[in-house]
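Participant: Dropping a structure here in structure tokens format, bear with me for questions.
In the working numbering, the protein residues as written are 154 to 357.
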């Protein structure tokens, strides 16, 4: 069986939470749940590092504006992680060239990361912090659930991941205008504060 569905699903999940993907895949392989996970992802130091970084992301991802900064930092990390995991999965199964798997995993991760980062920017236009917590928790549970499902039903999981990615891109398209309005309002408030400060410093 081709490993392509698992590569696609892991790429989608990496764009949302790359550390969770590495941690879960490593645990699946270490516990014998899946034979498709390469030994390099099962190494104890990899699991510990992924676990610590996952906890860091679990906290940062739920704090307004901190989550957007975190997303900006991971604009490169998540696609690269998706590409590396995809190539490793392909190398383990031998049913898909490593380069093609890396391209699929990386591009899918980049697309889902774009959806995640853009959605968070739109959510941060809301003054309350609860939507950030709810969204982050839903993302973590979704990644864990779909990646686990992919271990047993890779094709079905890939279809679900693809549908979620497409839906996210459509939603992001409609959220772009909200993000632009928020940025314009923030720039206007900054200009007003600067103007007020200049007026306050000017002699009477």
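By construction, the Cβ of each residue, glycine as well, lies at the ideal position given by its N, Cα and C atoms.
Could you check what DSSP says for residue 281 in three-state terms: helix, strand or coil?
Facilitator: If DSSP states are grouped into helix, strand and coil, residue 281 belongs with coil.
Participant: Just to confirm the assignment: which complete alpha helix (DSSP H) runs, minimum length 4, are found wholly within the region 155-207?
Facilitator: Fully enclosed alpha helix (DSSP H) runs of 4 or longer: 157-183.
Participant: Near residue 187, what residues of its chain come up, given a Cβ to Cβ distance below 6 Å and the 5 sequence neighbours on each side ignored?
Facilitator: These residues qualify, in order along the chain: 181, 304.
Participant: Can you tell me whether residue 328 sits near the ligand PLP, meaning its C-beta is under 6 Å from at least one heavy atom of the ligand?
Facilitator: The ligand PLP is not part of this structure, which contains no ligands at all.
Participant: Measure from the alpha carbon of residue 255 to the alpha carbon of each residue in 169, 237, 306, then state which is nearest.
Facilitator: Answer by Cα proximity: 237.
Participant: In terms of residues, what are the limits of the alpha helix (DSSP H) holding residue 257?
Facilitator: Counting along the chain, the alpha helix (DSSP H) containing residue 257 begins and ends at 251-276.
Participant: Who are the Cβ neighbours of residue 257 in its own chain at under 8 Å, not counting the five residues just before and after it?
Facilitator: For residue 257, where only same-chain residues beyond five positions count, the Cβ hits under 8 Å are 157, 160, 161, 164, 239.
Participant: Consult DSSP for residue 216 and reduce its assignment to one of helix, strand or coil.
Facilitator: The answer is coil: DSSP assigns residue 216 none of H, G, I, E or B.
Participant: Does residue 248 come out as helix, strand or coil in the three-state DSSP assignment?
Facilitator: Residue state, collapsed to three classes: coil.
Participant: Here's the rule: buried if 16 or more other CB atoms are within 10 angstroms of the residue's CB, otherwise exposed. What is residue 346?
Facilitator: The residue is exposed, with fewer than 16 neighbouring Cβ atoms inside 10 Å.
Participant: Taking the beta carbon of residue 279 as the centre, do at least 16 other beta carbons fall within 10 Å, making it buried, or is it exposed?
Facilitator: Classification of residue 279: exposed, given that the 10 Å Cβ count is below 16.
Participant: Counting beta carbon pairs with one atom in the region 312-322 and one in the region 263-273, are three or more of them shorter than 8 Å?
Facilitator: They touch, by the three-pair rule.
Participant: Rounded to the nearest angstrom, what separates residue 209 and residue 175 at their Cα positions?
Facilitator: C-alpha separation (whole angstroms): 14 Å.
Participant: Alpha carbons only, please: which of 195, 333, 179, 322 is nearest the one belonging to residue 264?
Facilitator: When only C-alpha atoms are compared, the closest one is 322.
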